[in-house]
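Numbering (my numbering), first residue to last: 4 to 195. Report on the structure given below.
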């Protein structure tokens, strides 16, 4: 379960909420990805030997950690990847219908494209055992960031393009520092 907490943080940040916040703190993003490699043991130590009574018997903290790992792999990563990979137009789909088929979208934005590239890269860093599965996804994301979203004439990542990678009237050829930071964020993680 090495890297479980890094994967959980990736899921929270990317699919749950963009900024995990503690109730007693100011609104600031916490970099849960930097959790040490021994966080599994530390959490188990904090949970102590407390056991919870369930219909099937007693469960240990390791049982919960195994269950969280399985849920994360199956219900989060297993759902989003590779479904989110747009093999026709490049980049990643961001909108899905209830049956997980791609749904109509307002376009592809640098924030989401950079974030999904970052997610795949962080998964490889946190879980080298998933490298073969996620390296092609990282390459796919980097190709879209560098060949489609990147403005080859003036530099910078476009804020948003239509689903086919063309400049859409509602976005013009504008750029936004927030969007560019996510493109860089994804590219930096992919480089690691």
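Every residue, glycine too, gets a C-beta built ideally from N, C-alpha and C.
If you follow the alpha helix (DSSP H) that residue 120 is in, where does it begin and where does it stop? For residue 120, the enclosing alpha helix (DSSP H) stretches over residues 113-129.
Taking 8 Å as the threshold, find out whether the region 126-138 comes into contact with the region 174-187 through three or more Cβ pairs. Judged by Cβ distances under 8 Å, the region 126-138 makes no contact with the region 174-187, as fewer than three pairs qualify.
Find out if the Cβ-Cβ distance for the pair residue 108, residue 98 is shorter than 7 Å. Yes, Cβ-Cβ distance for residue 108 and residue 98 is below 7 Å.
Please classify residue 83 as buried or exposed, where buried requires at least 16 other C-beta atoms within 10 Å of its C-beta. By the neighbour-count criterion, in which a residue is buried when 16 or more other Cβ atoms sit within 10 angstroms of its Cβ, residue 83 is buried.
Which same chain residues end up closer than 6 Å to residue 100 when comparing Cβ atoms and leaving out the 5 residues on each side of it in sequence? Closer than 6 Å at Cβ, skipping near neighbours: 106.
Rounded to a whole number of angstroms, what is the C-alpha to C-alpha distance between residue 156 and residue 147? Cα to Cα, residue 156 sits roughly 16 Å from residue 147.
Would the beta-carbon of residue 137 fall within 7 Å of that of residue 119? Against a cut-off of 7 Å, the Cβ pair of residue 119 and residue 137 comes out as no contact.
Given a cut-off of 7 Å on the beta-carbon distance, is the pair residue 165 and residue 110 in contact? Contact check for residue 165 against residue 110 passes: the beta carbons are separated by less than 7 Å.
May I ask which residues mark the beginning and end of the alpha helix (DSSP H) holding residue 106? Counting along the chain, residue 106 falls outside any alpha helix (DSSP H), and DSSP gives it neither H nor E.
So, with DSSP's three-state summary, where would you put residue 34? In this predicted model, residue 34 has a pLDDT of only 33, less than 50, meaning its place in the structure is not dependable; the value taken from the coordinates is given anyway. The DSSP-derived three-state label of residue 34 is coil.
What residues in its chain sit with their C-beta under 8 Å from that of residue 176, if we drop five residues either side in the sequence? Excluding positions up to five away in sequence, the list reads 154, 161 and 170.
Can you tell me where the alpha helix (DSSP H) holding residue 69 begins and where it ends? Element bounds for residue 69: 64-74.
Quick check on the DSSP output: the alpha helix (DSSP H) that includes residue 143 runs from which residue to which? Residue 143: member of the alpha helix (DSSP H) spanning 134-147, first to last residue.
Cβ shell of residue 159 (< 7 Å), same chain only, five flanking positions each side left out: Answer for residue 159: 178 and 183, listed in chain order.
Do residue 192 and residue 125 have their C-beta atoms closer together than 7 Å? In this structure, residue 125 lies closer than 7 Å to residue 192 by Cβ.
Measure the C-alpha to C-alpha separation of residue 117 and residue 180 and round it to an integer number of angstroms. Residue 117 and residue 180 have their C-alpha atoms spaced approximately 13 Å apart.
Would residue 195 be called buried (16 or more neighbouring beta carbons within 10 Å of its own) or exposed? When all chains shown are included, residue 195 counts as exposed.
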